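Please read the structure below before turning to the comments.
There are 2 protein chains.
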Amino acid sequence: MRSSPGSVQSIDRVLEILETLSTAPLGMSLSDLAAATNLHVSTTHRLVNVLTEHGYALKDSSSGKYRLTLRTFEIGSRVSSVWNLLSAAKPHLDELAAECQEAVHLVERDGMGIVYLYKAEPFQQLVRMSSHVGLRNPMYCTGVGKSILSLLPQDEAEEIWNNEEIQTFTPNTITTFPDMIREMERIRARGYAIDDEEHEVGVRCIAAAIRNWAGNPVAAVSISAPVSRMDEATMQRLLPSLLRTVDEISRMLGHRA
Amino acid sequence: MRSSPGSVQSIDRVLEILETLSTAPLGMSLSDLAAATNLHVSTTHRLVNVLTEHGYALKDSSSGKYRLTLRTFEIGSRVSSVWNLLSAAKPHLDELAAECQEAVHLVERDGMGIVYLYKAEPFQQLVRMSSHVGLRNPMYCTGVGKSILSLLPQDEAEEIWNNEEIQTFTPNTITTFPDMIREMERIRARGYAIDDEEHEVGVRCIAAAIRNWAGNPVAAVSISAPVSRMDEATMQRLLPSLLRTVDEISRMLGHRA
DNA sequence: CTACAAATATCACATTATGAAAAAGAGGCT
DNA sequence: AGCCTCTTTTTCATAATGTGATATTTGTAG
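The listed protein sequences correspond, in order, to chains A and B. Once you know that position 19 of the first sequence is 19 in our numbering, the rest is easy, because the numbers rise by one and skip nothing. Once you know that position 37 of the second sequence is 37 in our numbering, the rest is easy, because the numbers rise by one and skip nothing.
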């Protein structure tokens, strides 16, 4: 009896182990791992050993705990879209960050969410921001996400909305679909999105989408700053640079306006 | 009959599929994938579907080819050592790159090799260099690798050497162990390593190791440049900054001199 | 419309993964 | 030391699981 069409027990389990290990910065003992995954110790041992033999995990000789090696990092960096986007975008993003003297983010759409691919920060601008390369966030609560969402076909946007577990991160978070539809119209009308403390209190950002050769919004760029430094006037001042940057990157991906 | 102790066929196979897909920037059709992995189409289909259902791969609707999503990128970025090192090192590396106006690399040791974690480049300094974040290289042919190797216990260094398939990348590549032992002594004596076109013709670099709380050389930093810009005088000029940088990072990891 | 190729689904079979139980290690306490 | 407890590793009989030949569907080109 197979649980669902196209499911292989041992693989389901080993992937769960991989993901569990990835969230344990200090590593996990075999029994921790078995407890966390609800697998028998014996089974866990066998599976984590397979990961070890393939170089994905190792057993720290001093602590005796299992943790991930850089193998997943290596493979993750090879994902083609990372390459394509980063090589096209990096110089532009560094330039934008230097020009604005604020943190600049590049994200790519991945399924129902977005993943941060790059973060350019001006020197010593040490504002604590929860974003970092590799982080996955939903679309509805971030400037970058909303800018992408607004350019998708309505049914696709709705599907993404419905698949998301809507959380109220701050008082400003958009939590109903009608509100989001109005927001998406505003974004399309002005050509950029604003995240006004919708995900993190105290952080405001402006964002715009990058389009590929087919015109699809595959990625986005944002400029983020504490509200104190990001008032209406500042946003208007930074906007042209942001829009120029996403245009230049879009063109490098083959987009024709 | 199990092929080797601690081996699970379906997992071995799915990992091979994952790795194969990671090297195919344009994606692969099911039959391509089956051919590349020597698996039956039917089996390949089942396994790649498991990856798809877990969000690691997707089937591009226009081309019909399978490729990896950003899931591995996401998980790879969570690997704890990446976090620890990068957060400690990033500002120092950016500063070093700005100061030297040359490309700066941060690598971490992973098993028998090194993996590039970060690359800081001064503006518009577009020299083609094969290195990029996520790349894995052997130790014997890179400055960063040699600087780490030189601080390992002799038996460990020898084990790494023996496990490596030694390739002659350039006329300067060190290809015999006695030569490497002498080189390691030189590196220990002066406190830094030089890669004098040993991996790539035309690229010279200076490198030094980062030590953790236990004194182990877990990572390294290098400054790379075309030979034309990296003569003896330049190296002597850049060295203090490099050594100061690795010292600062080592201290942040708890190393006491 | 037909033919061919590629992708997906089905299913009987035995190979393969499973987990109980036993063995081997690693500390901790008297 | 020696004993006890907890954790990790190995073993092995069992049947549940993954396998791949075959069938079906889908897609593409002539």
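Every residue gets a Cβ at the ideal spot worked out from N, C-alpha and C, and that includes glycine. The model shown is predicted, which means the values in this text are computed figures rather than measured ones.
Following the DSSP letters along the chain, one finds Ala120(A) inside the beta strand (DSSP E) bounded by residues 113–120. Residue pairing by DSSP places Arg204(A) opposite Asp196(A), Ala225(A) in a beta bridge.
Non-local beta-carbon contacts of Glu197(A) in its own chain, meaning distances under 7 Å to residues more than five positions away in sequence, involve Thr170, Asn172, Val203, Arg204, Val227 in chain order.
For Arg136(A), the C-beta contacts it makes with chain B under 8 Å involve Leu70, Glu74, in order along the chain. In the three-state scheme derived from DSSP, where H, G and I count as helix and E and B as strand, Met235(B) is classed as helix. Chain order gives no chain B residues near Thr245(A), where near means a beta carbon separation below 8 Å; the closest approach is about 15 Å. A Cβ-Cβ distance of about 7 Å is found for the pair Val8(B) and Leu47(A), placing them in contact under the 8 Å criterion.
Per the C-alpha coordinates, the member of Val201(B), Glu200(B), Asn163(B), Ser224(B) positioned closest to Val104(B) is Ser224(B). Note on Glu102(A): 16 or more other CB atoms within 10 angstroms of its CB, so buried under the neighbour-count rule. For Gly113(A) and Leu106(B), the gap between their C-alpha atoms comes out near 30 Å. Within chain B, the residues placing a beta-carbon under 7 Å from that of Val14(A) are Ile11, ordered along the chain.
Between Asn163(A) and the set Phe73(A), Gly111(A), Leu18(A), Ser222(A), the nearest pair of CA atoms involves Gly111(A). Its Cα nearest to that of Ser241(A), the residue Glu99(A) stands out among Ala257(A), Glu99(A), Leu149(A), Val218(A).
Contact between the stretch 65–80 of chain B and the stretch 74–83 of chain A is established, with three or more Cβ pairs separated by less than 8 Å. The CB of Asp94(B) comes closer than 9 Å to the CB of Glu121, Phe123 in chain A, given here in chain order.
Taking a contact to require three or more Cβ pairs closer than 8 Å, the stretch 237–255 of chain A and the stretch 9–28 of chain B do not qualify as touching. Judged by DSSP in its simplified three-state form, Leu106(A) adopts strand. Taken in chain order, the whole beta strand (DSSP E) runs of length 3 or more contained in the stretch 14–89 of chain A are 57–59, 66–68.
The beta-bridge partner set that DSSP reports for Arg211(B) consists of Pro217(B). DSSP places Arg256(A) in the coil class of the three-state scheme, outside both helix and strand. If the five residues before and after Met235(A) are omitted, its C-beta is found closer than 6 Å to the C-beta atoms of Ile206, all from its own chain and listed in chain order.
Bounds of any alpha helix (DSSP H) do not take in Pro171(B), whose DSSP letter is neither H nor E. Relative to Lys146(B), the option among Thr52(B), Asn84(B), Gly191(B), Leu135(B) whose CA is nearest is Gly191(B). As DSSP reads the structure, Arg136(B) sits in a beta bridge with Val115(B). Just measuring C-alpha positions, the residue of Ala34(B), Asp12(B), Gly55(B), Thr37(B) sitting nearest Val50(A) is Asp12(B). Contact with chain B is absent for Arg211(A), since none of that chain's Cβ atoms lies less than 7 Å from the residue's Cβ.
Under the Cβ criterion of 7 Å, His54(A) is counted among the residues facing chain B. Shown here, Cys141(B) sits in coil according to DSSP, grouped into three states, outside any helix or strand. Separation of the CB atoms of Ile249(A) and Ala89(A) is rounded to 5 Å, and the pair is thereby assigned contact status at 8 Å. Secondary structure at Met129(B): coil, using DSSP grouped into helix, strand and coil. Chain order gives the chain B residues near Gly111(A) as Gly55, Thr69, where near means a beta carbon separation below 7 Å. Interface criterion not met: the Cβ of Ser61(B) is under 7 Å from no Cβ in chain A.
Around Val133(A), the same chain offers Tyr116, Leu117, Tyr118, Lys119 as residues with beta carbons nearer than 7 Å, after the five sequence neighbours per side are excluded.
Against Trp161(A), chain B offers no close residue; the least beta-carbon distance is about 19 Å (beta-carbon pairs closer than 7 Å). Residue environment for Thr72(B): buried (at least 16 other C-beta atoms within 10 angstroms of its C-beta).
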